[in-house]
Amino acid sequence: MKRFRLTALAAASFAVAAPAMAQTSTTNVTLYGVIDAGVAYVNNVASGLNAKGAHNFQAVSGIGQGNRWGLKGSEDLGSGLKAVFVLENGFNLMNGTMLQNSRMFGRQAYVGLQSAQAGSVTIGRQYDSVVDFVSPLTSAKQWATQYGAHIGDIDNLYNSFRVNNSVKYTSANYSGFSFGALYGFSNEPNTGNGTGFSHNNAFSVGASYANGPLTAAAAYMHLASPGTANGSGAVSNDYASATDIFYTSAVDKHDIAAAGISYQIQAATLGFVYSYAKINYVNQSSIRVNTFELNGKYQIAPNLLGGLAFIYSDGSVSGATALSGITKGTKPRWFQVNAGTTYAFSKRTETYLNGVYQRATGDAVVAAIDNVGGPTGTGAQSQIAVIAGVRHKF
1 MKRFRLTALA AASFAVAAPA MAQTSTTNVT LYGVIDAGVA YVNNVASGLN AKGAHNFQAV
61 SGIGQGNRWG LKGSEDLGSG LKAVFVLENG FNLMNGTMLQ NSRMFGRQAY VGLQSAQAGS
121 VTIGRQYDSV VDFVSPLTSA KQWATQYGAH IGDIDNLYNS FRVNNSVKYT SANYSGFSFG
181 ALYGFSNEPN TGNGTGFSHN NAFSVGASYA NGPLTAAAAY MHLASPGTAN GSGAVSNDYA
241 SATDIFYTSA VDKHDIAAAG ISYQIQAATL GFVYSYAKIN YVNQSSIRVN TFELNGKYQI
301 APNLLGGLAF IYSDGSVSGA TALSGITKGT KPRWFQVNAG TTYAFSKRTE TYLNGVYQRA
361 TGDAVVAAID NVGGPTGTGA QSQIAVIAGV RHKF
């Protein structure tokens, strides 16, 4: 009897464990992350557009890449279909606080279905098509760090904000060609006075082609009333910050179009990125910025990379009252140079040393290297940043 009971217990245990083992064989969850930090020197930085500037040494979190930890997983549902999810937190390594306005999973948070033949549909807080397709071709995303982003990140090519309430389609890879689209809901009822379906919504589309040494991509995004009183909308309180010089007045519409191309020739890769960004403010003024970036990188040795980029941003302002601290006329321009090296100790750990020079020309009053803490002080039209850091991926 005792032996029978033990055998029955073993059989029951196996019956209970069998579904769990079957589930384990078709389900995976991965913990991953990036830890990145360093020091930076900025020759002239002010707390605001009309403040006095001074040089500054900083210990900085997430210079090369934003610090993060995340969970991603999938479950095989059969017939080539999978359930997928990503939950990704951003944090400040220097003080341990959460980023993206203290969101638990502020970098990404989505769930959806994926098919190897048909692509994927996901829903949640996600990257837009400009970030997905064109951003990887910029020097800032490849090696120049966040400081190498375009002026004010007005084209969001450095991913300053994400899209909430979004439904996103990403195609499969068709012989190197892929495409996608995203729509972010306002989540607001129509109660009059400009509220409703289009009050803080967003949409974007994009495509890319990669074949051997050639990569090309293009994308478009439209934002309606971003960062407004509708805090539950598509683009909310991470849309603008004190260091983004173009958001000194409430925004009515924000349109972005971008395209890029790169070509690898042995150890060298040459690239070109163009972006068009226009912001219409609620007070009827506007700014339009065309940005041209020529970048290159060279694999000096298997573990040593060098990069150089030239960026020119040509602005046009209408109704300059909203931008009085940025420009003295209708034609602000900015010229920027990114230069840097990256040394890899392994596939997961590397160090980098970069320099960024930006100068305000034309009618532009201030320079403002992205994420250094502020624009140049009153009367200064150029800014220099030197950055050194270390990054570890897990």
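Note that UniProt numbering has the sequence shown beginning at 1, numbered continuously upward. Glycine is no exception: its CB is placed at the ideal position from the N, C-alpha and C atoms. Quantities reported herein were computed from a predicted structural model and do not represent experimental measurements.
- DSSP places Leu-99 outside any beta strand (DSSP E); the residue lies instead in the alpha helix (DSSP H), whose first and last residues are 99 to 102.
- Taken atom to atom, the span from the alpha-carbon of Ala-277 to that of Ser-160 is near 14 Å.
- For Phe-57, the enclosing beta strand (DSSP E) starts and ends at 54 to 61.
- For Asp-314, the uninterrupted beta strand (DSSP E) run begins and ends at 304 to 318, by DSSP.
- A contact is defined here as three or more CB-CB pairs under 8 Å, and the stretch 230 to 241 fails this definition with respect to the stretch 205 to 219.
- Under the 10 Å beta carbon count, Phe-91 is surrounded by 16 or more other beta carbons and is classified as buried.
- Our two residues, Gln-266 and Tyr-312, have alpha carbons roughly 27 Å apart in a direct line.
- Under the three-state reduction of DSSP output, Ser-129 falls in the helix class.
- Note that the C-beta distance between Asn-230 and His-199 is below 8 Å.
- In this chain, the beta strand (DSSP E) harbouring Val-39 covers 27 to 45.
- The Cβ-Cβ distance between Tyr-147 and Ile-326 does not fall below 8 Å.
- Contact annotation, Gly-106 with Asn-89: C-beta distance approximately 7 Å; criterion of less than 8 Å satisfied.
- Val-289 sits away from Ala-250, with the two beta carbons spaced by 8 Å or more.
- Taking a C-beta distance under 8 Å as the contact criterion, Gly-319 and Ser-285 qualify as a contact pair.
- In the pairwise beta carbon analysis, the stretch 357 to 368 is classified as not touching the stretch 386 to 394: fewer than three pairs are separated by under 8 Å.
- Per DSSP, the continuous beta strand (DSSP E) segment holding Gln-114 begins and ends at 108 to 115.
- By the Cβ rule, the stretch 166 to 182 counts as touching the stretch 119 to 130, because three or more pairs are nearer than 8 Å.
- In this structure, Ser-139 keeps its C-beta atom at 8 Å or more from the C-beta atom of Asn-303.
- By the criterion of a C-beta distance shorter than 6 Å, Tyr-32 is surrounded in its chain by Gly-70, once the five residues flanking it on both sides are discounted.
- Within the same chain, Cβ atoms closer than 6 Å to the Cβ of Val-372 are found at Val-42, Val-45, Ala-385, the five residues on either side in sequence being excluded.
- Beta-bridge analysis with DSSP links Asp-76 to Lys-82.
- Contact annotation: Ile-151 and Leu-93 have beta-carbon atoms that are not nearer than 8 Å.
- Taking 8 Å as the upper bound for CB-CB distance, Gly-307 and Trp-143 are in contact here, some 4 Å apart.
- Judged by DSSP in its simplified three-state form, Ala-240 adopts coil rather than helix or strand.
- Here the C-alpha atom of Lys-168 lies approximately 41 Å from the C-alpha atom of Asn-50.
- Beta-bridge partners assigned by DSSP to Ala-224: Asn-201, Lys-253.
- In the DSSP assignment, the residues bridged to Arg-333 are Asp-314, Thr-361.
- Of all alpha-carbon atoms in Glu-75, Ser-47, Lys-72, Ala-37, the one lying nearest the alpha-carbon of Val-60 is that of Ala-37.
- Annotation for Thr-330: Val-317 place their beta carbon closer than 6 Å to its own, counting only its chain and skipping 5 residues before and after.
- The three-state secondary structure of Ile-154, taken from DSSP, is coil.
- C-alpha of Gly-176 to C-alpha of Lys-141: approximately 21 Å in a straight line.
- When only Cα atoms are considered, Asn-28 and Ser-120 end up about 18 Å apart.
- Taking the Cα of Tyr-263 as reference, the smallest distance to any Cα among Phe-246, Ala-257, Thr-170, Asn-295 is reached at Asn-295.
- Put simply, of Thr-170, Gly-64, Ser-166 the residue whose alpha carbon is nearest the alpha carbon of Ser-115 is Thr-170.
- When beta bridges are read from the DSSP output, Asn-295 appears opposite Gly-271, Ala-309.
- Where Leu-137 is concerned, there is no enclosing beta strand (DSSP E), because DSSP gives it neither an H nor an E.
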